[in-house]
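In the working numbering, the protein residues as written are 3 to 186.
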């Protein structure tokens, strides 16, 4: 498990468009299809990473709390499933159903979407405004496996609340930290 930080792309960068398979429904989903005019949260996660497992319940709760407020939430796994079979589409579907994901779980088999976002780790988070510009990238909160800081999602929640209220999102943002994306 390599402790890898986010790349922290420039704020204001336009999010790349994508179309990926939803492992639960079997349909192809594009960013244009599911984006919100208010806020869209894109999360690069996977099944096996201890950093993702540590925050998984909060990710599901974020979806439950913010989707009703008009936020689109999207989870993407870009890991090499051949080398990491726990991250295969079949295992992704099992996890999404077991945890009752309120958001789509998409599989980026070619890893092109992760590369286009410049995602580096799992979990890695991007918040897009209504015009699909990145207004937040970085950590969920200060909690990490073993540091005894409670998982609250405060950084993501603060950014989403600002965007939803029409306030500027603070540019003081800390990188996420997690396992490196498992590149092919």
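Heads up, the beta-carbon is just placed ideally off N, CA and C, and yes, glycines get one too.
Since the structure is predicted, the reported quantities are computational estimates derived from the model, not experimental observations.
Does the Cβ-Cβ distance between residue i and residue j come in under 8 Å?
i           : j           : result
residue 103 : residue 181 : no
residue 177 : residue 8   : yes
residue 158 : residue 64  : yes
residue 171 : residue 106 : no
residue 12  : residue 33  : no
residue 80  : residue 110 : yes
residue 83  : residue 89  : yes
residue 113 : residue 186 : yes
residue 62  : residue 101 : yes
residue 145 : residue 57  : yes
residue 132 : residue 10  : no
From this set, the options, which residue's C-alpha is nearest residue i's C-alpha?
i           : options           : result
residue 165 : 128, 186, 143, 32 : 128
residue 40  : 68, 117, 82, 94   : 68
residue 6   : 90, 122, 150, 59  : 122
residue 2   : 58, 51, 115, 85   : The structure shown does not extend to residue 2, since the chain is modelled only from 3 through 186, so no value can be given for it.
residue 28  : 92, 19, 51, 10    : 92
residue 160 : 142, 184, 126, 51 : 142
Check residue i in the structure and name its three-state DSSP category.
i           : result
residue 25  : coil
residue 140 : strand
residue 162 : helix
residue 118 : helix
residue 97  : helix
residue 72  : coil
residue 66  : helix
residue 127 : strand
residue 44  : strand
residue 54  : helix
residue 87  : helix
residue 156 : helix
residue 108 : strand
residue 167 : helix
residue 179 : strand
Do you know offhand how far residue i's Cα is from residue j's?
i           : j           : result
residue 168 : residue 24  : 31 Å
residue 162 : residue 55  : 22 Å
residue 66  : residue 49  : 20 Å
residue 95  : residue 15  : 31 Å
residue 138 : residue 175 : 7 Å
residue 86  : residue 124 : 14 Å
residue 60  : residue 156 : 10 Å
residue 117 : residue 179 : 17 Å
residue 173 : residue 130 : 14 Å
residue 184 : residue 19  : 22 Å
residue 150 : residue 120 : 29 Å
Is there contact here, the region 66-81 with the region 34-51, by at least three beta-carbon pairs under 8 Å? yes
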